[in-house]
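Peer 1: Here the sequence shown is numbered in our numbering, starting from -18 and rising by one per residue.
Have a look at this one before I ask anything.
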Amino acid sequence: MVKISPSILSADLANLKEEVLKLEKGGADYIHLDVMDGIFVPNITFGAPLIKKLRPITQIPFDVHLMIDRPERYIKDFVEAGADLITIHAESTLHLHRTIEEVKSYGVRVGVALNPATPLGNIEYVLDYIDLVLIMTVNPGFGGQKFITSMKDKIKRMRKIIDERNLNILIQADGGIKLDNAKEIIDCGLDIIVVGSDIFKSNDVVERTKMFKNL
Ligand code: DX5
Ligand code: ZN
-18 MVKISPSILS ADLANLKEEV LKLEKGGADY IHLDVMDGIF VPNITFGAPL IKKLRPITQI
42 PFDVHLMIDR PERYIKDFVE AGADLITIHA ESTLHLHRTI EEVKSYGVRV GVALNPATPL
102 GNIEYVLDYI DLVLIMTVNP GFGGQKFITS MKDKIKRMRK IIDERNLNIL IQADGGIKLD
162 NAKEIIDCGL DIIVVGSDIF KSNDVVERTK MFKNL
């Protein structure tokens, strides 16, 4: 059964507490938090202080997606804010293995994200050390973009590598996933889907979240 990690990027930011509670009601498995710095990606969102304020609202694990340059500068802040899983971009840090080890040193699960144009080979030698691979299925920076079709092949290849090496790694995909294309993307071998606009642009966030759960 695929897990769902709704992104609050497209939520009503003035009513975040209510939005998170709706996701909880809908059965969300994680809450996906998109942190952007205006440098690694051309957009700015929020940081650790907001995540810390959201933390007491729910027990659902926080899946923090860092789209920031040199994330090693802020790992501790996100751990202290209550992240359960921290995903860093392979392209954003020079010493990827060191940054992975830092996240793990705090007892937090670690993911590595790949932009659409980044080959899977870039993470070949860190696969033994991580809990999750995030395949970006749009260029990171904005919600509501179109799914990049060639990423289906990338997900399938990642699945094959994980199965062949018998690794204990989850595969997550993020960007452009909607109710009408989710099934075919999940069938490429996913464990977790991130969904932003398709949930929050709908009339009923609770029901829409449930619909993804029932795929
Ligand atoms: C994009 C973010 C995504 C985004 C997904 O940079 O990482 O998590 O919120 O939004 P949708 O589902 O609208 O593509
Ligand atoms: Zn994301």
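We treat Cβ as the ideally placed atom computed from N, Cα and C, and that holds for glycine.
Looking at the structure shown, is THR26 part of a helix, part of a strand, or coil, going by DSSP?
Peer 2: THR26: coil per DSSP, three-state reduction.
Peer 1: Excluding sequence positions up to five away, which residues of its chain have a Cβ less than 7 Å from the Cβ of LYS274?
Peer 2: The structure shown does not extend to residue 274, since the chain is modelled only from -18 through 196, so no value can be given for it.
Peer 1: Considering only the alpha carbon of each residue, which of VAL93, LEU101 and PHE123 lies closest to LEU115?
Peer 2: That would be VAL93, whose Cα lies nearest to the Cα of LEU115.
Peer 1: Residues bridged to MET117 by DSSP?
Peer 2: Beta-bridge pairing links MET117 to ASP155.
Peer 1: According to DSSP, is THR68 helix, strand or coil?
Peer 2: THR68: strand per DSSP, three-state reduction.
Peer 1: Between which two residues does the alpha helix (DSSP H) harbouring LYS137 extend?
Peer 2: Taken as a continuous stretch (DSSP letters only), the alpha helix (DSSP H) holding LYS137 covers 132 to 146.
Peer 1: Which residue marks the beginning of the beta strand (DSSP E) containing LEU47, and which one marks its end?
Peer 2: Segment 43 to 48, the beta strand (DSSP E) holding LEU47.
Peer 1: Could you tell me if the beta carbon of VAL107 falls within a distance shorter than 6 Å of some heavy atom in the ligand DX5?
Peer 2: Checking the Cβ of VAL107 against the ligand DX5 gives no.
Peer 1: What's the C-alpha gap between ARG79 and ILE56?
Peer 2: Going by the C-alpha atoms only, they are around 12 Å apart.
Peer 1: In angstroms, rounded to a whole number, what distance separates the CA positions of LEU35 and TYR106?
Peer 2: Spanning the two alpha carbons is a distance of roughly 35 Å.
Peer 1: Quick one, are the C-beta atoms of ALA9 and ALA62 less than 7 Å apart?
Peer 2: It is not a contact, given that the beta carbons lie outside the stated cut-off.
Peer 1: Quick one: Cα of PHE128 to Cα of ASP161, how far?
Peer 2: Going by the C-alpha atoms only, they are around 12 Å apart.
Peer 1: Can you tell me the Cα-Cα spacing of CYS169 and ASP179, whole angstroms?
Peer 2: Their Cα atoms are separated by approximately 20 Å.
Peer 1: Mind listing which residues have their beta carbon within less than 6 Å of any non-hydrogen atom of the ligand ZN? Chain order is fine.
Peer 2: Result: SER(-12), HIS13, ASP15, HIS46, ASP155 and VAL175.
Peer 1: Does the ligand DX5 have even one heavy atom less than 6 Å from the beta-carbon of LEU(-3)?
Peer 2: No.
Peer 1: May I ask you to check if the CB of LEU(-10) is nearer than 6 Å to at least one heavy atom of the ligand MG?
Peer 2: The ligand content of the structure shown is limited to the ligand DX5 and the ligand ZN, which means the ligand MG is not among them.
Peer 1: To the nearest angstrom, how far is it from the Cα of LEU196 to the Cα of ILE67?
Peer 2: So the two alpha carbons sit approximately 26 Å from each other.
Peer 1: Answer yes or no: the CB of SER178 versus the heavy atoms of the ligand DX5, is any distance below 6 Å?
Peer 2: Flag set: Cβ of SER178 near the ligand DX5.
Peer 1: Could you check where the alpha helix (DSSP H) with LYS57 kicks off and where it finishes?
Peer 2: Element bounds for LYS57: 56 to 62.
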